[in-house]
Amino acid sequence: MNLLKCFKTFKQLVLIDFLAVDRKHILLLKLVPRTKVFWFFMDNPQKINGDFKGKDIVSLDQFSKKDIYILFSNTSKMKNLVQKKGGSTLLKGKIMCAIFYEPSSRTFGSFITSMQRLGGGFIPLQGMGNSSVAKGETLEDTMQTFSSYSDVIVIRHPERGTAKIAANATEIPVINAGDGIGEHPTQALLDLYTIQEEFGKLDNLTGVFAGDMLHGRTVKSLLRGLSLFKNNTCYLLSPKELKLSREDFNDFQRRGIKIIEIKNYSDIPKNAHFWYWTRIQKERFENFKDYEKVKNIFILTKRLLDTYGNSKMILMHPLPRVNEIEKEIDSDTRAVYLKRQMKNGMYLRMALLALVLGKI
Ligand code: ASP
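In the numbering used here, the protein residues as written are 131 to 490.
See the structure below:
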């Protein structure tokens, strides 16, 4: 744990003390050993609380509705900027290091171009086979190294929880670009932005998620985001082997979002606002045979979309698509994955970088 982040945590503790006295919860504080409160904050990344500057972005749990809307209004400004001028020099003199231990096309590419479009520089490390990681360097040392050269680090790693560990190893902000089967906050935020753009709201929505709920990190982050808003219902369509873990399922139920697990296309409600199709995450299976068994279960065809969908919905996918959506659907006006959804990722990452670097 570095000093600056330690200090920020203590500031939160002082605030808790203050609030506790203020709200007459002093008894509660007396019952909880101070070290436990400290570790609670170590485990749970700082809330954004309307101020992105210098913060790590590790989980959707850091966001409130207000934070999401601050990000969205800046995302719309970035969209306007790109469409009118292509970019600006807002991040001139700032360097982002993108450290990707796992394959990526869109997340890696859009973070890089976001920096370029705002006049900043970047260190692109994609696949760590050519770095000192191949010699056995620890994650902590790698983070220390690149924080000496850059102002913000974007990290993708195959293990759940690694983004948090990376964030604790450096003083500069760290953005989680996907940690194993954990979370993928920037993907979920761009998904939410796409939904908001289409329907003008993030509450009272019905969504259908299909594919790999067990391993899909984008699903977990998006469900966290949707839980912040009232009256959302999500239907999860997956093979039984790839249902959400019971721990995640119970956690989401507690958050107030209504989750309904379904087995067949015929269980899909007619009134869904969006469908969120996902790929079966081949790389997460220990046994290839288990993957083979489920890989072709939910292939979306035009006929299925027309039978179970409606004319006002949108069809999303975090991409890459393997075979789970037929090519023919790409030109359907409801399909936004290759068009709006992907571009929104760039605008949103531009806004997020500028906010975290304290430039807007
Ligand atoms: N690109 C997304 C991710 O990194 C979705 C996927 O890989 O299926 O999680």
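Here a beta-carbon is modelled for each residue, glycine too, at the ideal position from N, C-alpha and C.
Outcome for residue i when other beta-carbon atoms lying within 10 angstroms are tallied against a minimum of 16
i      : result
Lys154 : Any answer about Lys154 is weak, because its pLDDT of 41 lies below 50 and its placement is not dependable; what the coordinates show is given next. So Lys154 ends up on the exposed side.
Pro450 : exposed
Pro233 : exposed
Glu313 : buried
Phe202 : buried
Glu270 : exposed
Lys393 : exposed
Val349 : buried
Asn204 : buried
Asn474 : buried
Thr324 : buried
Glu416 : exposed
Ile283 : buried
Thr272 : buried
Lys419 : exposed
Leu199 : The question names Leu, but residue 199 is Tyr in the sequence shown. The residue in question, Tyr199, is exposed, as its Cβ has fewer than 16 Cβ neighbours within 10 Å.
Ala481 : buried
Arg354 : buried
Neighbourhood of residue i by C-beta, 6 Å cutoff - its chain only, sequence neighbours within 5 removed
i      : result
Gln411 : Asp342, His345
Phe230 : Phe238, Gln256, Arg286
Asn362 : Leu335, Leu356, Ile387
Gly488 : Lys183
Leu352 : Ala318, Asp321
Pro448 : Gln317, Thr348
Tyr421 : Lys412, Phe415
Lys177 : Gln192
Met208 : Tyr477, Met480, Ala481
Lys432 : Glu458, Ile459
Whether residue i touches residue j by CB criterion (8 Å)
i      : j      : result
Ile302 : Ile187 : no
Gln471 : Met443 : no
Cys364 : Leu356 : yes
Glu458 : Leu430 : no
Leu367 : Phe339 : yes
Leu435 : Asp397 : no
Asp333 : Lys360 : yes
Gly439 : Arg409 : no
Phe428 : Glu454 : yes
Val424 : Pro369 : yes
Met476 : Ser240 : yes
Cβ separation of residue i and residue j, assumed to be a contact under 8 Å, to the nearest whole Å
i      : j      : result
Ala228 : Ile242 : 6 Å
Met245 : Leu221 : 6 Å
Pro175 : Ala297 : 7 Å
Leu478 : Leu248 : Their Cβ separation, rounded to whole angstroms, is 13 Å, which puts Leu478 and Leu248 out of contact at 8 Å.
Phe404 : Gly337 : 5 Å
Ala299 : Gln274 : 7 Å
Cutoff 7 Å; reference residue i; Cβ partners in own chain excluding five residues on either side
i      : result
Phe182 : Leu485, Val486
Gly291 : Asp309, Gly312
Arg385 : Ser357
Ser261 : Leu255
Ser218 : Leu211, Leu248, Gly249
Asp460 : Leu468
Ile389 : Cys364, Leu366, Phe379, Phe382, Gln383
Pro288 : Tyr231, Glu232, Gly310
Lys185 : Gln176, Ile178, Pro303, Val486
Tyr395 : Leu434, Tyr438
Glu267 : none
Lys294 : Pro175, Val188
Cutoff 8 Å: residue i Cβ touching any chain D Cβ
i      : result
Ile285 : Among the chains of the structure shown, chain D does not appear; only one protein chain is present.
Own chain residues within Cβ distance below 8 Å of residue i, not counting five before or after
i      : result
Asn179 : Ser194, Asp197
Ile253 : Ile225, Met226, Cys227, Ala228, Phe276, Tyr279, Ser280
Lys166 : Unreliable placement is indicated for Lys166, whose pLDDT of 47 sits below 50; no coordinate value is reported for it.
Val466 : Thr324, Glu328, Ile444, Leu445, Met446
Ser206 : Tyr477
Gly223 : Gly250
Asn401 : Thr336, Asn440
Asn426 : Asn453
Heavy atom of the ligand SAH within 7 Å of residue i beta-carbon
i      : result
Arg347 : Annotation note on the ligand SAH: not contained in the displayed structure, which lists the ligand ASP as its ligands.
Does the count of Cβ pairs from the segment 201-221 and the segment 372-389 closer than 8 Å reach three?
-> Judged by pairs of C-beta atoms under 8 Å, the segment 201-221 does not touch the segment 372-389, as fewer than three such pairs exist.
On the three-pair Cβ rule with 8 Å, is the segment 306-321 touching the segment 181-201?
-> Contact between the segment 306-321 and the segment 181-201 is present: 3 or more CB-CB pairs across the two stretches fall below 8 Å.
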